[in-house]
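A.B. asks:
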Amino acid sequence: MIGRPLISIAIIPAMLFVMASAIAQQTSAPVEAAARTLIEEKTQGLPGEVTIEISPLDPGNRLPPCHAPTAFLPNSTRAWGAFSIGVRCESPVAWTAYLQARVKVIDNYLVAARPLPAGQILGPSDFEHRRGDIAALPNDVLADASHATGRPTRQALAQGTPLQTRMLRIPEAVRQGNKVTVFSQGKAFRVSNTGRALNSAAPGETVRVRLPNNQVVSGTALHDGTVEVNP
Numbered sequence: 033m034i035g036r037p038l039i040s041i042a043i044i045p046a047m048l049f050v051m052a053s054a055i056a057q058q059t060s061a062p063v064e065a066a067a068r069t070l071i072e073e074k075t076q077g078l079p080g081e082v083t084i085e086i087s088p089l090d091p092g093n094r095l096p097p098c099h100a101p102t103a104f105l106p107n108s109t110r111a112w113g114a115f116s117i118g119v120r121c122e123s124p125v126a127w128t129a130y131l132q133a134r135v136k137v138i139d140n141y142l143v144a145a146r147p148l149p150a151g152q153i154l155g156p157s158d159f160e161h162r163r164g165d166i167a168a169l170p171n172d173v174l175a176d177a178s179h180a181t182g183r184p185t186r187q188a189l190a191q192g193t194p195l196q197t198r199m200l201r202i203p204e205a206v207r208q209g210n211k212v213t214v215f216s217q218g219k220a221f222r223v224s225n226t227g228r229a230l231n232s233a234a235p236g237e238t239v240r241v242r243l244p245n246n247q248v249v250s251g252t253a254l255h256d257g258t259v260e261v262n263p
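Under this note's numbering, the letters of the sequence shown match residues 33 to 263, in that order.
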């Protein structure tokens, strides 16, 4: 009987340590902060008003607390619209979690001011500016009136339709077989190279380019004939 209290005293701290280890889990705040930092970096320079929404980490997660979580975008995902962003931990235990994020970009874009027939050559009275989330619209939606004025429509358009490059007959910015400058840029870098276009594309359309090392990359044709590739 005398020895039992001593045994209990020795066991209780060990049990508490095991229980504390089991209860400890990754809190959402540092994981969300890592994701937000990366998204803010990727959205630097976007037009309009940018807002970032990030879903919290599951409060019921069983992930051990991480010393320094770091975020990444899987498979060259663009920080635009709705997407998943990954956060990984290296120490003390390696794990990876994914959060849902949404980036809204509120800016002006062009819409048809009235019903337009196919072949209509656009003038100032044929379109108007509207303000909204351009991240929720197709990538080739037009915002600059000069890119629409004087262009004929390829198809009939209903009133209020957002004007897209593919809806208008716009001269090609990149021609198949021509040499083009390909570039990628971020917050503090810009990398450029030259390659040969594998297809023709108007501004805002996707173009594939073969680089000197035979690697093929896809990017967006710009009005000046260059091709932007997402980093």
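Ideal Cβ placement from N, Cα and C applies to all residues, glycine included. Bear in mind that the values here come from a model prediction, so they are computed numbers and not experimental data.
(1) List the DSSP bridge partners of His161.
(2) Might you give, ordered along the chain, the residues of its own chain that have their beta carbon closer than 8 Å to the beta carbon of Ala66, omitting 5 neighbours on each side?
(3) Looking at the structure shown, is Pro101 part of a helix, part of a strand, or coil, going by DSSP?
(4) Considering only DSSP beta bridges, list what Thr185 is partnered with.
(5) Quick one: what does DSSP say Glu81 is sitting in, helix, strand or coil?
(6) Can you tell me whether Asp256 is buried or exposed? The criterion is at least 16 other CB atoms within 10 Å of its CB, across all chains shown.
(7) When you measure from the CB of Ala167 to every non-hydrogen atom of the ligand SAM, does any distance come out below 8 Å?
(8) Could you give the first and the last residue of the continuous alpha helix (DSSP H) run that contains Val63?
(9) Could you give the first and the last residue of the continuous beta strand (DSSP E) run that contains Asn225?
(10) Let me check understanding here. Comparing Cα to Cα, which of Asn107, Ala111, Asn246 lies closest to Glu85?
(11) Can you give the Cα-Cα distance for Gly80 and Ser178, rounded to whole angstroms?
(12) Would DSSP call Ala8 helix, strand or coil?
(13) Helix, strand or coil: which one does DSSP assign to Ser87?
(14) Output yes or no for whether 9 Å exceeds the beta carbon distance between Leu169 and Ala180.
C.D. replies: Result, derived from the coordinates:
(1) Leu142
(2) Pro101, Thr102, Ala103, Val119
(3) coil
(4) Leu200
(5) strand
(6) exposed
(7) With respect to the ligand SAM, the structure shown offers nothing to examine, as it has no ligands at all.
(8) 60 to 74
(9) 222 to 229
(10) Ala111
(11) 19 Å
(12) A query on residue 8 cannot be resolved here, the shown segment of the chain reaching from 33 to 263 and no further.
(13) coil
(14) no
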